[in-house]
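Chemist:
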Amino acid sequence: MPDRARRPLRSTQDALLIVAHASTRPPLQPHGETESCASSSKTGHLPLSFSPLLEKRTKTIDVPNIYSESRTGAPNSLTFSLNIRQQPKAARSCGFGDKDRRTIDPPPIIELVIESPTLTNDQIQEYRRARTYVMSCSIWDETGTIDDSLMPGDYKDRRLVGSVVGTPFVGKDEYDREGCFFTFSDLSCRTSGSFRLKFDVVMVGGTIVTRRFPTLAEKKSDVFHVYSAKVFPGMSANTLLAKRLREQGCDLPLKRGNDKRLRVANRLANLSTEVP
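First residue of the sequence shown: 1, per full-length UniProt numbering; consecutive thereafter.
1) If you measure between the beta carbons of residue 213 and residue 223, is that distance less than 9 Å?
2) Relative to the C-alpha of residue 166, which candidate in 141, 131, 87 has its C-alpha closest?
3) So, at 7 Å on beta carbons, what are the nonlocal neighbours of residue 184 in its own chain, with the 5 sequence-adjacent residues on each side left out?
4) Is residue 190 buried or exposed, if buried means 16 or more other CB atoms sit within 10 Å of its CB?
5) Taking all protein chains shown into account, do 16 or more other C-beta atoms lie within 10 angstroms of the C-beta of residue 117, making it buried, or fewer, making it exposed?
6) Taking just the CA atoms, how far does residue 125 sit from residue 151?
7) Mark residue 176 as exposed unless 16 or more other C-beta atoms lie within 10 angstroms of its C-beta, in which case mark it buried.
8) What do you get for residue 221, buried or exposed, if any count of 16 or more other CB atoms within 10 angstroms of its CB means buried?
9) Smallest Cα separation from residue 198: which of 144, 235, 112, 241?
10) Would residue 188 be called buried (16 or more neighbouring beta carbons within 10 Å of its own) or exposed?
11) Report buried or exposed for residue 174, applying the criterion of at least 16 other Cβ atoms within 10 angstroms of its Cβ.
12) Give the DSSP bridge partners of residue 99, in chain order.
13) Checking contacts by CB at 9 Å: is residue 254 closer than that to chain B?
14) Return yes when the Cβ of residue 172 is within less than 9 Å of the Cβ of residue 83, no when it is not.
15) Beta carbon of residue 236, beta carbon of residue 100: below 9 Å?
16) What are the boundary residues of the beta strand (DSSP E) that includes residue 110?
17) Per DSSP, what kind of secondary structure is residue 123 in: helix, strand or coil?
18) Ignoring anything shorter than 3 residues or poking outside the stretch 145–184, list the beta strand (DSSP E) runs there in chain order.
19) Can you grab the Cα-Cα spacing for the pair residue 76 / residue 127, in whole Å?
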């Protein structure tokens, strides 16, 4: 019988429980340092999204109190929201093979925003630097009302492939402001069409590992388009935000860009300047 440790994760529940066990009572990151990007879960066997396992957000969010040894009684004035700092725009469909898989461009960058009218900036910073947040990504139709993760018909493959679960990177953005960021640089879509990505964030820290994690915040991206290889417009260059995070150690690819539309525009501009 094969070793169980070598089997792929069969569900997001498996992935979350592994992260939860590893994240119980984690030490907080020292001030003045940035946290390196942790690896995301890579498996084609994850379910559509976290939603079947997550409790819907209520007025009181069940998160640990990181100032108490019992880690209970967190201030109920905490509010969590997501700001998609870098929206996905285009992708080249990868079909059902992995040999020539192209990623969604540009890679989505999501910031977790934490606010509270009763906590100090330093206390909010401690929550922002906690290592126990986990974010999932799923794919929806362009209206944002239908989960499009499953392929139609008899196909058993997921439409969205790659690293669909990510952990936070704490660093400074292009304006030198500290933030808690999640990056998804290894996502691909199997089929052409117009879609949105949905992001859900949970907190898995605590003294007791549970099988249910409340959703702290969720948000859907703008519509992006997936093209066939013949009409794919090309990749864009790194944005200032991506460059800044990459300089601090975040695992983002270095891209110079090969957008066909920009090349055509530049060529036309050069021709116009050459005309006497």
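The beta carbon of each residue, even a glycine, is placed where N, CA and C say it ideally should be.
Modeler: Quick answer:
1) no
2) 131
3) 107, 108, 137, 163, 166
4) buried
5) exposed
6) 41 Å
7) exposed
8) buried
9) 144
10) buried
11) exposed
12) Answer is none; residue 99 lacks a bridge partner.
13) The displayed structure is made up of one protein chain only, and chain B is not part of it.
14) no
15) no
16) 109–115
17) helix
18) 160–166, 169–172, 178–183
19) 13 Å
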